[in-house]
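Numbering (my numbering), first residue to last: 26 to 369.
Read the structure below first, then the notes.
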Amino acid sequence: MPIALDSLAALAALPFDEVIDVRSPAEYAEDHIPGALNLPVLSNEERARVGTIYVQQDRFLARKIGAALVSRNAAAHLEGPLADRHGGWRPLVYCWRGGQRSGSFTVILQQIGWQAETVKGGYQSYRRLVARALYEEPFAAPVRLIDGGTGTGKTHLLSHLAALGAQVIDLEDLAAHRGSVFGPVAGGQPSQKSFESALAACMARLDPNRPVYIEAESSRIGRITLPPMLARAMRSAPVIRINVPLAARVSNICTDYTDLIADPNRLDAILSRLVQYHGHAQVDQWRALAATGDFPTLVAQLIETHYDPRYIRKPRPEGITPLELPDLSEATLQAAAKGLIQSG
Numbered sequence: 026m027p028i029a030l031d032s033l034a035a036l037a038a039l040p041f042d043e044v045i046d047v048r049s050p051a052e053y054a055e056d057h058i059p060g061a062l063n064l065p066v067l068s069n070e071e072r073a074r075v076g077t078i079y080v081q082q083d084r085f086l087a088r089k090i091g092a093a094l095v096s097r098n099a100a101a102h103l104e105g106p107l108a109d110r111h112g113g114w115r116p117l118v119y120c121w122r123g124g125q126r127s128g129s130f131t132v133i134l135q136q137i138g139w140q141a142e143t144v145k146g147g148y149q150s151y152r153r154l155v156a157r158a159l160y161e162e163p164f165a166a167p168v169r170l171i172d173g174g175t176g177t178g179k180t181h182l183l184s185h186l187a188a189l190g191a192q193v194i195d196l197e198d199l200a201a202h203r204g205s206v207f208g209p210v211a212g213g214q215p216s217q218k219s220f221e222s223a224l225a226a227c228m229a230r231l232d233p234n235r236p237v238y239i240e241a242e243s244s245r246i247g248r249i250t251l252p253p254m255l256a257r258a259m260r261s262a263p264v265i266r267i268n269v270p271l272a273a274r275v276s277n278i279c280t281d282y283t284d285l286i287a288d289p290n291r292l293d294a295i296l297s298r299l300v301q302y303h304g305h306a307q308v309d310q311w312r313a314l315a316a317t318g319d320f321p322t323l324v325a326q327l328i329e330t331h332y333d334p335r336y337i338r339k340p341r342p343e344g345i346t347p348l349e350l351p352d353l354s355e356a357t358l359q360a361a362a363k364g365l366i367q368s369g
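Here you go:
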């Protein structure tokens, strides 16, 4: 019997060993249930071909061709990725809307002896739960914003908070973007839907009676847009602002962005974006620093000339609690995280 999804929390609690997404690789790449394994019963090209025949030629012929393709692909999955699954394995299978793709693959798995079931309504029913959680329901826990200028160790502090058991949502990690002119991390950003799936999964695990720590961000992180519900919760949240000496910030950035420093073309492309703010003469000076390998001076000038002047937050009615740190060592960050947890 197809499994009806009532909530994202209920999805995580279902007694299945693995979630299988049998949609095409392109559908999976746009978004999927977090952690799902993609075993497409039709490739991108096969899905397009069968769909065209179904619409333009003959539905019976489309189903016949589709069944043959599904059978061949299912055999490849059984002999490949699923070859080591034991007899008691319990998979939950879904396709776009819980129809023929997931149904046919699940029948094969059941005939083998596995306790396989499908998701009622498929991906579409899951997506409705994500949209409801992000766009209709209030945010699930009290928010504490971790704020501070570029290079003040906000992400590192979040990591220490998480390691100590605090609730944390790392938006930059979910969005695969560093939230500054340095931009996306290697591999690019996820789709908006994929980001929302990851965010909704984090939210489903929150304890509403405990605070969740989130780094202060604008409503957009690269090309990702924060859901209005989350943006509102962040705007009204109390703020913890990190203040760190410039030298510590420079060292932190040089350490965190070694991939960028090692890629002259990428760094030059990023500096080119600053021409509109500082003119060619200033950017050429920064290019010269990069060319000679004087990255500490380059970073210090970017902080003082570009980042800090633009780091002006509107006054908040809740006020701002300063967090003065002498450095960004692991010991300092761990002590700061402990202090924040103890203060609530």
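Just so it is clear, CB atoms sit at the ideal spot from N, CA and C, and this is done for glycine as well.
Note that the structure is predicted; figures quoted are calculated from it, not measured.
(request) Compare the Cα-Cα distances from Asn430 to each of Gln81, Gly91, Ala61 and Gly124 and report the closest residue. (result) Limits of the chain in this structure are 26 at one end and 369 at the other, which puts residue 430 out of reach.
(message) Using only CA atoms, which one of Asn277, Val269, Ile194 and Ile249 lies nearest to Val237?
(response) For the purposes of this step, residue 237 is taken as residue 212 along the sequence shown, with counting starting at 1. Among Asn277, Val269, Ile194 and Ile249, the Cα nearest to that of Val237 belongs to Ile194.
(message) Taking the straight line between their C-alpha atoms, what separation do you get for Trp121 and Pro253?
(response) Here residue 121 corresponds to residue number 96 of the sequence shown, with the count starting at 1. Here residue 253 corresponds to residue number 228 of the sequence shown, with the count starting at 1. Straight-line Cα distance between these residues: approximately 27 Å.
(message) So for Ile58, helix, strand or coil by DSSP?
(response) Within the sequence shown, residue 58 is the residue found at index 33, counting from 1. Here Ile58 sits in coil by DSSP.
(message) Buried or exposed, going by whether 16 or more other CB atoms sit within 10 Å of the CB of Arg298?
(response) Along the sequence shown, one-based indexing puts residue 298 at 273. Arg298 comes out exposed.
(message) So, does the segment 298-310 touch the segment 212-220, judging by three or more C-beta pairs under 8 Å?
(response) no
(message) Just to check my reading of the structure: Ala200 and Gly247 have Cβ atoms closer than 8 Å, yes? What is that Cβ distance to the nearest angstrom?
(response) To locate residue 200, count along the sequence shown from 1; it is residue 175. To locate residue 247, count along the sequence shown from 1; it is residue 222. Yes, Ala200 and Gly247 are in contact; Cβ-Cβ is about 6 Å, under 8 Å.
(request) For the segment 86-103 and the segment 28-42, state whether three or more C-beta atom pairs, one from each stretch, are separated by less than 8 Å. (result) no
(message) Please report the distance separating the alpha-carbon of Val44 from that of Pro263.
(response) For the purposes of this step, residue 44 is taken as residue 19 along the sequence shown, with counting starting at 1. For the purposes of this step, residue 263 is taken as residue 238 along the sequence shown, with counting starting at 1. Their Cα atoms are separated by approximately 38 Å.
(request) Reducing DSSP to helix, strand and coil, say where Leu170 ends up. (result) The sequence position of residue 170 within the sequence shown is 145, counting from 1. Note: Leu170 maps to strand in three-state DSSP.
(message) Closest to Ala229 by C-alpha separation, out of Ala158, Phe85 and Arg88, would be which residue?
(response) What you label residue 229 is simply residue 204 of the sequence shown in a count that begins at 1. It is Ala158 whose Cα lies nearest to the Cα of Ala229.
(request) Return the first residue and the last residue of the beta strand (DSSP E) that Val264 is part of. (result) The residue labelled residue 264 in the question sits at position 239 within the sequence shown. Looking at the DSSP string, the run of the beta strand (DSSP E) that includes Val264 is Val264 to Asn268.
(request) Give the straight-line distance between the Cα atoms of Leu255 and Ile58, rounded to the nearest whole angstrom. (result) For the purposes of this step, residue 255 is taken as residue 230 along the sequence shown, with counting starting at 1. For the purposes of this step, residue 58 is taken as residue 33 along the sequence shown, with counting starting at 1. The alpha-carbon of Leu255 is positioned some 21 Å away from that of Ile58.
(message) Closest to Thr317 by C-alpha separation, out of Ala287, Arg335, Ile295 and His331, would be which residue?
(response) Here the question's residue 317 lines up with position 292 in the sequence shown. Closest option to Thr317, Cα to Cα, is Ala287.
(request) Evaluate the contact criterion for the segment 135-147 versus the segment 74-82: three or more CB pairs, one atom per stretch, below 8 Å. (result) No, they do not touch.
(request) Using 10 angstroms around the beta-carbon of Glu162, count the other beta-carbons present and answer buried if the total reaches 16, otherwise exposed. (result) One-based indexing of the sequence shown puts residue 162 at position 137. Glu162 comes out exposed.
(request) Return the first residue and the last residue of the beta strand (DSSP E) that Asp281 is part of. (result) Here residue 281 corresponds to residue number 256 of the sequence shown, with the count starting at 1. Premise fails: Asp281 lies in the alpha helix (DSSP H), Leu271 to Asp281, not in any beta strand (DSSP E).
(request) For Arg235, name the three-state secondary structure that DSSP assigns. (result) Translated into the one-based positions of the sequence shown, residue 235 becomes position 210. In this structure, DSSP gives Arg235 a state outside helix and strand, which the three-state scheme calls coil.
(request) Determine the closest residue to Ala73 out of Met26, Ser49 and Ser96, with distance taken between C-alpha atoms. (result) In the sequence shown, counting from the first residue as 1, residue 73 sits at position 48. The candidate whose alpha carbon is nearest that of Ala73 is Ser49.
(message) Between which two residues does the alpha helix (DSSP H) holding Glu71 run?
(response) Counting from 1 along the sequence shown, the entry for residue 71 is found at position 46. Segment Asn69 to Gln81, the alpha helix (DSSP H) holding Glu71.
(message) Suppose the cutoff is 7 Å on Cβ atoms and the five residues either side in sequence are ignored; what does the same chain contact list for Arg312 look like?
(response) Reading the sequence shown from its first residue, position 287 is the one you call residue 312. Same-chain partners within the cutoff: Asp293 and Leu296.
(message) Here's the rule I'm using: 16 or more other beta-carbon atoms within 10 Å means buried, otherwise exposed. How should Ile249 be labelled?
(response) Walking along the sequence shown from the start, residue 249 turns up at place 224. The residue in question, Ile249, is buried, as its Cβ has 16 or more Cβ neighbours within 10 Å.
(request) Kindly indicate which three-state DSSP category Arg245 falls into: helix, strand or coil? (result) Position 220 of the sequence shown, counted from the start, is the residue given in the question as residue 245. Under the three-state reduction of DSSP, Arg245 is assigned to strand.
(request) Starting from the Cα of Met86, find the closest Cα among Val75, Val95 and Ser96 and give me that residue. (result) As a position in the sequence shown, residue 86 is number 61, starting the count at 1. Position check: residue 86 holds Leu in this sequence, whereas Met was assumed. Answer by Cα proximity: Val75.
(message) Excluding the 5 residues flanking Pro321 on each side, which residues of the same chain have their C-beta closer than 7 Å to its C-beta?
(response) Start at 1 with the first residue of the sequence shown, and residue 321 comes out as number 296. Around Pro321: Val275 and Cys279.
(message) Check whether the segment 348-358 and the segment 176-186 are in contact - that is, three or more C-beta pairs closer than 8 Å.
(response) yes
(request) Kindly indicate which three-state DSSP category Pro40 falls into: helix, strand or coil? (result) Within the sequence shown, the letter at position 15 stands for residue 40. DSSP places Pro40 in coil when its eight states are reduced to three.
(request) Below 8 Å on the Cβ atoms is my guess for Leu323 versus Ala315; work out the distance and round it to an integer in Å. (result) Along the sequence shown, read from residue 1 onward, the residue named residue 323 stands at position 298. Along the sequence shown, read from residue 1 onward, the residue named residue 315 stands at position 290. That pair is a contact at about 6 Å.
(message) Quick check on the burial criterion: 16 or more other C-beta atoms within 10 angstroms. Buried or exposed for Ser127?
(response) Counted from its first residue, the sequence shown places residue 127 at position 102. Label assigned to Ser127: buried.
(request) Quick one: residues in its chain with C-beta nearer than 8 Å to the C-beta of Tyr160, no 5 flanking neighbours on either side, listed in chain order? (result) Counting from 1 along the sequence shown, the entry for residue 160 is found at position 135. Within the same chain, Tyr160 has close Cβ partners Pro252, Pro253 and Met254.
(message) Using DSSP's beta-bridge definition, name the partner residues of Asp195.
(response) As a working mapping, residue 195 is identified with position 170 in the sequence shown. The partner list for Asp195 (beta bridge, DSSP) is empty, contrary to what the question assumes.
(message) So if DSSP puts Thr346 in a beta bridge, which residue, or which two residues, is it bridged to?
(response) For the purposes of this step, residue 346 is taken as residue 321 along the sequence shown, with counting starting at 1. Note: Thr346 sits in a beta bridge opposite Ile265.
(request) Please state if the CB of Phe164 and the CB of Ala225 are separated by a distance shorter than 9 Å. (result) Taking the first residue of the sequence shown as 1, we reach residue 225 at position 200. Taking the first residue of the sequence shown as 1, we reach residue 164 at position 139. No, the Cβ-Cβ distance between Ala225 and Phe164 is not below 9 Å.
(request) Using the Cα positions of Leu36 and Arg153, report the straight-line distance between them to the nearest angstrom. (result) Working through the sequence shown from its first residue, we reach residue 36 at position 11. Working through the sequence shown from its first residue, we reach residue 153 at position 128. In this model, Leu36 and Arg153 are separated by some 13 Å (Cα to Cα).
(request) Assuming Ala362 contacts His111 (C-beta within less than 8 Å), just tell me the rounded distance between them. (result) Numbered from its first residue, the sequence shown carries residue 362 at position 337. Numbered from its first residue, the sequence shown carries residue 111 at position 86. The Cβ separation is near 41 Å, so there is no contact.
(request) Within the same chain, show all residues whose beta-carbon is closer than 6 Å to that of Tyr336, passing over the 5 residues directly before and after it, in chain order. (result) Working through the sequence shown from its first residue, we reach residue 336 at position 311. For Tyr336, where only same-chain residues beyond five positions count, the Cβ hits under 6 Å are Gly174.
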